[in-house]
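Written below as C-alpha cells is the structure these notes are about.
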Amino acid sequence: MKQPLALTQKQLISGLSLILAALFLLSLFVGSNPIPLFQAARDTLLDTPSVIALIFSEVRLPRALIALFTGATLGLCGAAMQGLLRNPLASPGLIGSASGAALGAVCMLYFGMSAATTMALPAGGIIGALAATMLVYLLAGRDAGTLTLILAGVAINALALALISLLLNLAPSPYAVREIVLWMMGSIANHSMDDFQIMLPGVLLGWFLLIGTGRSLDALTLGEETTTTMGISLSRLRWRIFFAIALAVGSAISITGSIGFIGLVVPHLLRPLVDHQPSRLLLASAIGGAILLLAADICVRLFPAGTDIKVGVLTSLVGAPFFLYLIIKSRRFVL
Amino acid sequence: MSKQLITALLLIICSFPSQSAEPPTRVASINLCTDQLLLMLADSRQIASISYLAVESSSSFMAEEAQQYQVNHEKIEELLSLKPDLILASEYSNRALIQLMQKLGHQVETFPLPSDIEGIQANITRMAQLLGQEKRGQQLVEQMNQRIDQVIKQQPAVHPKAIFYQPNHYTSGRNTLQDTALRVAGWRNLAAELGIEGYNPIDIEDLLMADPEQLFTSPYAPNSNSLAEQQLSHPALQRVTAGRKMIEIDYKYWICGGPMIADAIEQLHRSLPQ
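Taken in sequence, the protein lines are chains A and B.
According to our numbering, the first sequence holds residues 1 to 335 in order.
According to our numbering, the second sequence holds residues 1 to 274 in order.
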C-alpha cells in the first residue's frame, strides 16, 4: 500500500542531493566578507595563494565540510538507532551518545592528551560515545519501552553534562569555563581543515560499518524472532551498529560539540517518504541531516556580526518543538 | 573649660593633617597592578602586604621581588589583621570591600588602568606621591621615557601591518596598551584601523582580509589547552603572514600598565622585519 507521498528511492535521493549541493555552495558564499568565489577557488591552486583563496580554503571550506559530514553522521546514526531499537525516540542526542562523546573529548582536550597526539581527541569521543550508549542500553534493558529508554537517556545525558561542567571548571586553562556552552550546544564555526581531517577517519569508518545493515534493519521491523529465523545474529547486529555510531558520532562530536535533535528529527521527517523502510531511510537521513545542519549553520551566519550564536541552539529550537509533537502524537496512540 | 584642655584639643586636631603627610609605613595592596607599582617605588619596610597574584611569574613583572612579602587574597579579615595605614586598589577591585574598609576608617586609594603612556606616567607619579617617594617616581618615569624615546628615534621607513590575536579571537583596538605599543614601536595596528575599540573579538575572515604581515599574541596561560587557545594555531594565520610565525609577547608586560611597557615596546621594535 503506497502512500501518495512515497517517491522512488532514486527520485528522493537525487532530489535531496540537489538541495544538499545547493546548500553546500551557498554555505561557501556566505561569510562576513563578500569574496569572488570562483576566483578564490582558482587562486588556491597558486603557489602563494591570495587572501581570498585563504578565506575560501582555510575558513569556509572546512566549515561547510564539517557541517556536511557532522549532519550526515547525526542523521544516519539517528535512522540506524531508531531502526535497531524500533523506537521512534532513539537518537544519538537523546540516548546519550552525543553528550558521552563530548565528555570523552573534553577529557582529552583540556588535560593535555590531545596535545600529545591529534588522534587522542576523536578517540576520547569514540570511547565516550560507546560507553554512554552501552550504559543507556544496559540501564533500560533489551526490550525497553520508549519511556524507559528515554528516562535512561535523560539520566546519562544529565550525568555526562554535569561531568563536562565539572571537568571544565577544574581544567587548568583559564578559558575552559567559558567553553562549557560550546560543548553542550555545539558549534561548527572557526574550525580549520586540520579539524576536518581529524574527524574524517572515524566518521568514514562508522558510515562504512552502517552500509550493510539496511537489510537486517528491514527484517527487524517484522520482530526479533522473525529476524533470528532469517539467520541474522541480533547481538552481532546490535554491536555493529553501536560501534559504528560510536565511531562516527564520537569523531564528529569531538570536533563540533554536542549538536542536538538532528538525529531525532531528520529520520522522522523522511520516514513517510521512504515508505517506512529502514534500509531506504539510512541514505536519505544522511543527506537530510547534512541539509539540516548546513541550513542551520547558514542561518547562524546571517545573524549580525558579533552575535555568536551556536548552531546547536538553532537545531534545538527547531528540534525541541518537534520532540514535543512526537510525544503528543504517541500519547494519542495510547489513548 | 580650662585653657590647657583647649590647647590640647587644638593640638590633637592640628596633628591630624601633619600625621597623614608622613609617608605611610604599612601599605597593603589588593590588586596586581598596584602591587607592582608599590614594589617598584616603596621601601621594603613600607610594604605590609601584596596580592597573591604578585608572586606568580607568568602574570607579575615583579614576581621575584614579591617573594619576601606577605600575600593577601583580597579578603576583609586578612586586611583588618594587617592594620594597614594605606590600602591600594584598582578601579576594578571589589567595590563592597573598598567601601567597607573606608567605612572602618581606612584610607583606600584606587588607581585606573591606563591605556597609554601618559596614563602610566600619571599612575607612577601619583603612587610615588602617596608613598612619599617622589624622587624614585621621577626616576622611574624618566627611565621609561628614555627607553621609549630611543625606539621612537629608530622608526622604520615603512610601517608594516600587524595585529594582536588572542585566544577567543580577541584583538586590541584603539585605546589599548597594545595599540599604543605597536604604533610607538613602528608597526601599524590593523585592529585600530578596522575601527575596533578596546579589547574585542575580530572575525577571522576580517583578520585575513586585512592581510597582516605579522601576528602578535599574549596568552594568559601558555601551557594549557582549550578550544580558545587552539584558535591561535589555525593554519590560515600562518599562511597569511607568508609562514612568519606568530610572536608571543609575555602577558606580564601589559596586564597592568607600568614602566615595563618599555620592555614590550623594545621587543615589538626588535621584531620589525629587517
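All C-beta atoms in this analysis are idealised placements derived from N, C-alpha and C, irrespective of residue type, glycine included.
Remember, it's a predicted structure, so these values are computed and weren't measured experimentally.
Hey, does residue i have any beta-carbon neighbour from chain A nearer than 7 Å?
i	result
A246 (chain B)	One point to set straight first is that residue 246 (chain B) is Met, not Ala, in the sequence displayed. By this cut-off, M246 (chain B) is not an interface position.
S224 (chain B)	yes
A221 (chain B)	yes
I255 (chain B)	no
A162 (chain B)	no
P235 (chain B)	yes
R174 (chain B)	no
D203 (chain B)	yes
P273 (chain B)	no
L208 (chain B)	yes
A191 (chain B)	no
D211 (chain B)	yes
L194 (chain B)	no
L227 (chain B)	yes
V275 (chain B)	A query on residue 275 (chain B) cannot be resolved here, the shown segment of chain B reaching from 1 to 274 and no further.
S58 (chain B)	no
K188 (chain B)	A small correction: the amino acid at residue 188 (chain B) is Arg; Lys does not occupy that position in the sequence shown. With 7 Å as the cut-off, R188 (chain B) does not count as an interface residue toward chain A.
Does residue i come within less than 7 Å of chain B when only Cβ atoms are used?
i	result
I55 (chain A)	yes
E224 (chain A)	no
Y175 (chain A)	yes
G31 (chain A)	yes
Y325 (chain A)	no
Y137 (chain A)	no
L45 (chain A)	no
P88 (chain A)	no
V51 (chain A)	yes
N165 (chain A)	The displayed chain sequence assigns Ser, not Asn, to residue 165 (chain A). Cβ-Cβ to chain B under 7 Å: no for S165 (chain A).
L61 (chain A)	no
R236 (chain A)	no
P172 (chain A)	yes
G312 (chain A)	no
G125 (chain A)	no
S254 (chain A)	no
G112 (chain A)	yes
Looking only at its chain, what residues have a beta carbon closer than 6 Å to the beta carbon of residue i, apart from the 5 residues adjacent to it on each side?
i	result
A246 (chain A)	I126, A129, L130
R188 (chain B)	H159, K161
L86 (chain B)	P24, V27, Q107
Q19 (chain B)	Here Q19 (chain B) scores only 45 on pLDDT, less than 50, and its place in the model should not be relied on; the value that follows carries that caveat. Within the same chain, Q19 (chain B) has no close Cβ partners at all.
V265 (chain A)	G319, F322
T148 (chain A)	A140
T110 (chain B)	A89, E91
A80 (chain A)	L210, I241
So who's on the other strand from residue i, going by DSSP bridges?
i	result
K161 (chain B)	B:R188
I35 (chain A)	Paired residue(s): none; I35 (chain A) is not in a bridge.
V108 (chain B)	B:I87
S275 (chain B)	Only positions 1 to 274 of chain B appear in this structure, which leaves residue 275 (chain B) out of reach.
V71 (chain B)	B:I50
Q166 (chain B)	B:Y170
Just confirm the distance between the C-beta atoms of residue i and residue j, as a whole number of angstroms; I'd bet it's less than 8 Å.
i	j	result
L207 (chain B)	I163 (chain B)	6 Å
S51 (chain B)	V71 (chain B)	7 Å
A48 (chain B)	L82 (chain B)	5 Å
D195 (chain A)	P62 (chain A)	7 Å
A244 (chain A)	L209 (chain A)	4 Å
S97 (chain A)	T133 (chain A)	5 Å
E197 (chain B)	G173 (chain B)	5 Å
L12 (chain A)	A284 (chain A)	6 Å
T256 (chain A)	I66 (chain A)	7 Å
E118 (chain B)	N94 (chain B)	The Cβ separation is near 27 Å, so there is no contact.
L23 (chain A)	L294 (chain A)	4 Å
P278 (chain A)	G83 (chain A)	4 Å
S258 (chain A)	S114 (chain A)	That belief does not hold up - the Cβ atoms of S258 (chain A) and S114 (chain A) are roughly 17 Å apart, past 8 Å.
CB-CB under 8 Å to residue i, same chain, minus the five flanking residues each way: which ones, in chain order?
i	result
S50 (chain A)	A40, D43
T146 (chain A)	N87, P88, L89, S330
G75 (chain A)	I262, G263, V266, P267, S285, A286, I287, G288, G289, A290, L292
A42 (chain B)	V27, L131, Q133
For residue i, I'd like the list of residues in its chain whose CB is within less than 7 Å of its CB, leaving aside the five on either flank, ordered along the chain.
i	result
M1 (chain A)	Because the pLDDT of M1 (chain A) is 44, which lies under 50, any placement of that residue in the model is unreliable, and the number read from its coordinates should be weighed accordingly. Hits under 7 Å: none found.
V184 (chain B)	I148, V151, I152, I265
Q155 (chain B)	G186
F29 (chain A)	L37
N123 (chain B)	L37, F111, P114, G257
Minimum length 4: unbroken alpha helix (DSSP H) runs contained in the region 224 to 275 of chain A: 224 to 229, 234 to 256, 262 to 270
Minimum length 3: unbroken beta strand (DSSP E) runs contained in the region 13 to 68 of chain B: 27 to 29, 47 to 51
Completely contained alpha helix (DSSP H) runs for the region 215 to 260 of chain B, where each covers 4 or more residues: 227 to 230, 235 to 240
Complete runs of the alpha helix (DSSP H) confined to the region 161 to 236 of chain A [at least 4 residues]: 180 to 185, 193 to 211, 214 to 220, 224 to 229
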